[in-house]
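**Q** Chains A and B supply the protein sequences, listed in that same order. If you're matching positions, the first sequence starts at 66 in our numbering and goes up one per residue. If you're matching positions, the second sequence starts at 2 in our numbering and goes up one per residue. Yeah, the Cβ is synthetic: ideal placement off N, Cα and C, and Gly gets one too. Please read all numbers here as calculations on a predicted model, not as lab measurements.
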Amino acid sequence: MKSLDVDIAVIGAGSAGLGAAIEAKKQGMDVLILERNDELGGITLQCIHNGFGLKIFKEDLTGPEYIQRFINEAKELKIPYKLDTMVIEITEDKEIYAVNKKEGLLKIKAKAIILSMGCREKTRGAINIPGFRPAGIYTAGQAQRFVNIEGYIPGKTYVILGSGDIGMIMARRLTWLGCEVKAVVEIKSYVSGLIRNQVQCLEDYNIPLILNHTITKIHGKDRVEGITISSVDQNWDQIVGSDEYIECDSILLSVGLVPENELTTKAGAELSNNGGPIVDDNLETIMDGIFACGNVLQVHDLVDNVSEEAKRAGKNAAIYVKERYGKDQIKKDHIKIIPGINVGYVKPDYVNFSNLENLLHFHLRVKEPDRDVIIVIKEVNKIVYQRVRSFVIPSEMIEVRTKFKPEVISPNCRELKIEVLPVSLLEVLDEVG
Amino acid sequence: MSESSKKDKKVIRCIVCPTGCEITAENVDGEVKIIGFGCKRGEEYAKEELFEPKRIVTATMRVEDGFLSIIPVRTEKPIPKESVFEIIKELSSIKVKAPIKVGDILVENIHNLEVNVIASRDMPTF
C-alpha cells in the first residue's frame with residue numbers, strides 16, 4: 066500500500082475544497098486534494114446558469130466560469146490533486162484511506178484534514194412516494210448532470226416535485242430545450258427556493274407552481290405515464306377527494322439536500338441537527354485538526370458563501386498545523402450556541418471564549434417565514450446583539466457577523482441563544498420586564 | 002424604450018432582494034408610473050422589466066474532440082427576452098472544436114444582436 070504524508074488533506078475538489086486548498090497553500094502548507102470525479106470543480110460545473118460570483122467577483126458568472134477561476138488558481142499554485150480517487154475512510158488519527166485505479170489503496174497521513182464533500186439530494190426513498198417504480202424518476206441534480214454535462218435529455222414531459230432551486234432552474238432549462246414542464250408541485254405553502262428563480266424560471270414561462278400539494282401516486286409500470294397529486298392540510302396529510310391526474314413521462318425531485326457526512330462520523334466527529342458536523346467558530350469539528358466547510362457543513366444558497374467559508378477553513382487549518390499540531394491540546398473554553406425561537410439551526414455550534422472579540426460569522430435558517438422580525442443573540446435574558454429584518458424565509462440563509470466587546474459577555478457565560486422574534490413580541494417583552 | 006402609445010399595465014415581482022415587492026408599472030401614453038417598489042434598485046428593475054426585459058442565455062453546444070461531448074456557453078451580455086428560444090435553437094445546431102478556453106468567443110454577433118456567445122469553461126481535448 067502506497068503511503069503519503071501531507072500537512073493538509075482536502076476531501077473533495079468542489080467549490081469548498083478548492084477554496085480551502087488554495088488558502089491553505091497560500092499559508093505555506095503542503096496540501097493534497099482528493100477528488101472522486103474525473104475532473105476538478107464539483108457540482109458547480111453542472112450549474113451552467115448564471116448568477117454566480119456577484120458577491121466575490123462582483124460579476125454575473127455561470128457556475129462553470131466561477132469554478133474555472135478556482136481551478137486555474139489551484140493549478141497556478143501547483144496544488145497536487147488526485148482525481149478518480151475515492152476516500153473510503155478517515156480515522157481519528159487523521160489517516161485517510163483512499164482508492165483509485167492507478168495506485169490501488171492509498172494511505173495518507175495528514176496533520177490536518179478539511180472535509181469538503183458537499184451534499185447530496187434527497188431521493189424518492191427519503192420521502193416515500195407510493196406507486197410503481199418505473200423508469201423516468203430522477204432527482205433534479207441528476208437530470209441537470211445528464212442535460213448539462215453528458216448531453217442527454219431524460220424525458221419529454223415533466224412534473225417537478227419540490228420547489229427547490231435546482232428543480233426550478235431545471236424547469237427553465239428543459240423548457241428552453243423544447244420539453245414541457247407541466248407543473249412544479251410543492252407540499253409547503255410557500256416556495257422552497259429563491260424568489261429570483263420562481264420569477265425567472267417559472268413565471269417567465271407560465272409554469273404552474275402548485276402549492277400545498279404533493280404526489281400521492283406514480284402511474285406506469287415500465288416508464289412513468291403520469292402522477293396523481295393531492296392537496297394536503299397543515300399537517301401535510303392528504304385531503305381525501307382532492308386528487309388530480311397529470312400526464313407526464315418524467316418526474317424530477319427537488320425536495321432538499323443533505324450534507325454528505327459518512328466519512329465525518331467514521332472519523333469520530335458528531336453531527337448536529339442540520340446534518341452537518343458540529344463545529345466551533347474556527348470551523349473545526351470536535352476532532353482536533355479536522356475542519357469542515359461548504360455544503361458538507363451546511364447547505365448554502367450561494368456558492369460565493371461556500372468560497373468564503375472555505376477560505377476560513379483553509380486558513381484555520383493552516384494555523385492549527387503551525388501552532389497546535391503535535392502539542393498537548395488545551396481544553397477548549399467553549400460557549401455553546403443554541404438555536405432558539407424560529408431558528409432551525411445555527412452554525413457554528415460553539416464559539417471559543419478567546420475568539421469573542423474577533424469577527425464571528427453566524428449562519429442560520431429560520432423554521433418559518435415571517436415579516437418584521439428582530440434577530441437577537443441572548444446571554445440568558447440579556448440581549449447582546451440585535452438586528453431588524455423586514456422579511457425572513459427558510460430558503461434564504463441569514464448571516465450575522467459580529468464581534469463582542471469583553472464587557473458585553475460575562476466571563477462565566479456558557480451559552481448564547483440566537484432567536485428570530487417578531488418585533489411586536491420584543492416590544493411586549495420590553496414592557497413586561 | 003417602447004414607443005407604444007397604448008396603455009400598458011403590468012405587475013412585476015421584484016427580484017432585487019428576498020422581500021419580493023409587488024411592483025405595478027403603468028405606461029400611459031409613454032408616461033411611466035411605477036408604484037409598490039421598496040427601493041431605488043427595485044424601481045429601476047421594474048422599468049427595465051416592463052419595457053425591455055433582457056436575459057443572459059446559458060446553453061450547451063456540441064464539441065468535437067473534447068474531453069466532454071458538450072460545452073456550457075452563455076451570451077456575453079443580456080439579450081432581449083423574446084430572442085431566447087431562437088438563440089438556443091441556433092446554438093444547438095453548431096458544433097465547436099476542442100481545445101477551448103473559458104471566455105473564448107464561439108459565435109460572433111449571434112442573430113445580429115451585437116452579442117457574442119462565449120465558452121463557460123475550459124474544454125481540453127479528449
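For residue 247/A, does the three-state DSSP call read helix, strand or coil?
**A** Here residue 247/A corresponds to residue number 182 of the first sequence, with the count starting at 1. Three-state DSSP puts residue 247/A in a strand.
**Q** Would you kindly work out how many angstroms separate the C-alpha atoms of residue 181/A and residue 12/B, rounded to a whole number?
**A** Within the first sequence, the letter at position 116 stands for residue 181/A. Within the second sequence, the letter at position 11 stands for residue 12/B. Those two C-alpha atoms are separated by around 43 Å.
**Q** Helix, strand or coil for residue 36/B per DSSP?
**A** Mapped onto the second sequence, residue 36/B falls at position 35. Of the three classes helix, strand and coil, the one that applies to residue 36/B here is strand, per DSSP.
**Q** For residue 261/A, go through chain B and note every residue whose CB falls closer than 8 Å to its CB, in chain order.
**A** Your numbering for residue 261/A matches position 196 in the first sequence. 16, listed in chain order.
**Q** Starting from the C-beta of residue 124/A, find all residues in its chain whose C-beta is less than 6 Å away, skip the five residues before and the five after it, and write them out in chain order.
**A** If you number the first sequence from 1, residue 124/A lands on position 59. So the list reads 118, once near-sequence residues are dropped.
**Q** Look at the alpha carbon of residue 2/B and the alpha carbon of residue 347/A, and state the distance between them as a whole number of angstroms.
**A** As a first step, residue 2/B is located in the second sequence; it is residue number 1 there, counting from the start. As a first step, residue 347/A is located in the first sequence; it is residue number 282 there, counting from the start. Caution applies to residue 2/B, whose pLDDT of 44 falls short of 50 and renders its modelled position unreliable; the value that the coordinates give is listed next. Approximately 52 Å, taken between the alpha carbons.
**Q** By DSSP, does residue 175/A sit in helix, in strand, or in coil?
**A** As a first step, residue 175/A must be located in the first sequence, where it is residue number 110. Three-state DSSP puts residue 175/A in a strand.
**Q** By Cβ distance, which residues of its chain are closer than 6 Å to residue 245/A, with the 5 residues on each side in sequence left out?
**A** Residue mapping note: residue 245/A aligns to position 180 of the first sequence, counting from 1. Within the same chain, residue 245/A has close Cβ partners 222.
**Q** Considering Cα atoms alone, identify which of 127/B, 123/B and 79/B is closest to residue 110/B.
**A** The count along the second sequence starts at 1 and reaches residue 110/B at position 109. Ranking the options by Cα distance to residue 110/B, first place goes to 79/B.
**Q** With residue 356/A as the anchor, note down where its beta strand (DSSP E) starts and where it stops.
**A** Residue numbering aside, residue 356/A sits at position 291 when the first sequence is read from its first letter. Boundaries of the beta strand (DSSP E) harbouring residue 356/A: 355-357, taken from the DSSP string.
**Q** Looking at the structure shown, is residue 28/B part of a helix, part of a strand, or coil, going by DSSP?
**A** Position 27 of the second sequence, counted from the first residue, corresponds to residue 28/B. DSSP places residue 28/B in the strand class (E or B) of the three-state scheme.
**Q** Kindly list, in the order they appear in chain B, the residues whose Cβ is closer than 9 Å to that of residue 219/A.
**A** The count along the first sequence starts at 1 and reaches residue 219/A at position 154. Result: empty, since nearest Cβ-Cβ is about 15 Å, beyond 9 Å.
**Q** If you measure from the beta carbon of residue 20/B to each beta carbon in chain A, is any gap under 7 Å?
**A** Within the second sequence, numbered from 1, the residue matching residue 20/B stands at position 19. So, interface residue.
**Q** Using 10 angstroms around the beta-carbon of residue 131/A, count the other beta-carbons present and answer buried if the total reaches 16, otherwise exposed.
**A** As a working mapping, residue 131/A is identified with position 66 in the first sequence. Result: buried.
**Q** Can you pull the chain A neighbours of residue 105/B, defined as C-beta to C-beta under 9 Å?
**A** On the second sequence, position 104 is the one that residue 105/B refers to. Contact annotation for residue 105/B against chain A: no contact, minimum CB-CB distance about 12 Å [criterion: below 9 Å].
**Q** Compare the Cα-Cα distances from residue 275/A to each of 308/A, 377/A, 336/A and 111/A and report the closest residue.
**A** In the first sequence, counting from the first residue as 1, residue 275/A sits at position 210. Checked all of 308/A, 377/A, 336/A and 111/A; the closest Cα to residue 275/A is 308/A.
**Q** Count the other CB atoms, across all protein chains shown, that sit within 10 Å of the CB of residue 123/B; report buried if there are 16 or more and exposed otherwise.
**A** Sequence index remark: in the second sequence, residue 123/B carries index 122 (1-based). That one is buried.
**Q** Under a three-way DSSP split, which group does residue 451/A fall into?
**A** The sequence position of residue 451/A within the first sequence is 386, counting from 1. Note: residue 451/A maps to strand in three-state DSSP.
**Q** Identify, in the order they occur along the chain, each residue of the same chain with its Cβ nearer than 6 Å to the Cβ of residue 293/A, setting aside the five sequence neighbours on each side.
**A** Sequence index remark: in the first sequence, residue 293/A carries index 228 (1-based). Cβ within range, chain order: 281, 282, 308 and 310.
**Q** Please report the distance separating the alpha-carbon of residue 234/A from that of residue 422/A.
**A** On the first sequence, residue 234/A is found 169 positions in, with the first residue counted as 1. On the first sequence, residue 422/A is found 357 positions in, with the first residue counted as 1. Whole-angstrom Cα-Cα distance: 41 Å.
**Q** Please identify the residue among 21/B, 39/B, 55/B and 16/B whose C-alpha is closest to the C-alpha of residue 84/B.
**A** As a position in the second sequence, residue 84/B is number 83, starting the count at 1. For residue 84/B, the nearest C-alpha among the options comes from 55/B.
**Q** For residue 273/A and residue 301/A, I'd like the C-alpha separation in whole angstroms.
**A** Taking the first residue of the first sequence as 1, we reach residue 273/A at position 208. Taking the first residue of the first sequence as 1, we reach residue 301/A at position 236. The alpha-carbon atoms of residue 273/A and residue 301/A are separated by roughly 20 Å.
**Q** Using the Cα positions of residue 5/B and residue 105/B, report the straight-line distance between them to the nearest angstrom.
**A** Here the question's residue 5/B lines up with position 4 in the second sequence. Here the question's residue 105/B lines up with position 104 in the second sequence. Residue confidence for residue 5/B is low, a pLDDT of 44 falling below 50, so the modelled location carries little weight and cannot support an answer.
**Q** Output the distance between the C-alpha atoms of residue 20/B and residue 463/A, rounded to the nearest integer angstrom.
**A** Numbered from its first residue, the second sequence carries residue 20/B at position 19. Numbered from its first residue, the first sequence carries residue 463/A at position 398. The alpha-carbon atoms of residue 20/B and residue 463/A are separated by roughly 13 Å.
**Q** Could you check which residue in 107/A, 255/A and 89/A has the C-alpha nearest to that of residue 384/A?
**A** By 1-based counting over the first sequence, the position of residue 384/A is 319. It is 89/A.
**Q** List, in order along the chain, the chain B residues whose C-beta lies closer than 7 Å to that of residue 133/A?
**A** The sequence position of residue 133/A within the first sequence is 68, counting from 1. Those are 103, 122 and 123, listed as they occur along chain B.
**Q** Are the C-beta atoms of residue 113/A and some chain B residue less than 7 Å apart?
**A** As a working note, residue 113/A is residue 48 in the first sequence. Residue 113/A counts as touching chain B.
**Q** Return the Cβ separation of residue 61/B and residue 213/A in integer angstroms, given the expectation that the two are a contact with Cβ distance under 8 Å.
**A** The sequence position of residue 61/B within the second sequence is 60, counting from 1. The sequence position of residue 213/A within the first sequence is 148, counting from 1. Separation of the CB atoms of residue 61/B and residue 213/A is rounded to 6 Å, and the pair is thereby assigned contact status at 8 Å.
**Q** Is DSSP giving residue 4/B helix, strand or coil here?
**A** Reading the second sequence from its first residue, position 3 is the one you call residue 4/B. Unreliable positioning characterises residue 4/B in this predicted model, as indicated by a pLDDT of 46, which lies under 50. The coordinate reading is nonetheless provided below. Coil.
**Q** Listed from N- to C-terminal order along the chain, which residues in the stretch 63-82 of chain B have their beta-carbon within a distance smaller than 7 Å of any beta-carbon of chain A?
**A** 69, 70, 71, 73 and 75
**Q** Looking at C-alpha atoms only, which residue of 82/B, 48/B, 121/B and 67/B is the closest neighbour of residue 133/A?
**A** Start at 1 with the first residue of the first sequence, and residue 133/A comes out as number 68. Here the closest residue by C-alpha is 121/B.
**Q** Please report the distance separating the alpha-carbon of residue 151/A from that of residue 197/A.
**A** If you number the first sequence from 1, residue 151/A lands on position 86. If you number the first sequence from 1, residue 197/A lands on position 132. Going by the C-alpha atoms only, they are around 33 Å apart.
**Q** By Cβ distance, which residues of its chain are closer than 7 Å to residue 112/A, with the 5 residues on each side in sequence left out?
**A** Along the first sequence, one-based indexing puts residue 112/A at 47. So the qualifying residues of the chain are 128.
**Q** So is residue 246/A in contact with chain B if we call contact Cβ pairs under 7 Å?
**A** As a first step, residue 246/A must be located in the first sequence, where it is residue number 181. No, because no Cβ of chain B sits closer than 7 Å to the Cβ of residue 246/A.
**Q** Under 7 Å between C-beta atoms, does residue 89/B make it to chain A?
**A** The count along the second sequence starts at 1 and reaches residue 89/B at position 88. Residue 89/B counts as touching chain A.
**Q** Does the stretch 141-159 of chain A touch the stretch 93-110 of chain A, meaning 3 or more C-beta pairs lie closer than 8 Å?
**A** yes
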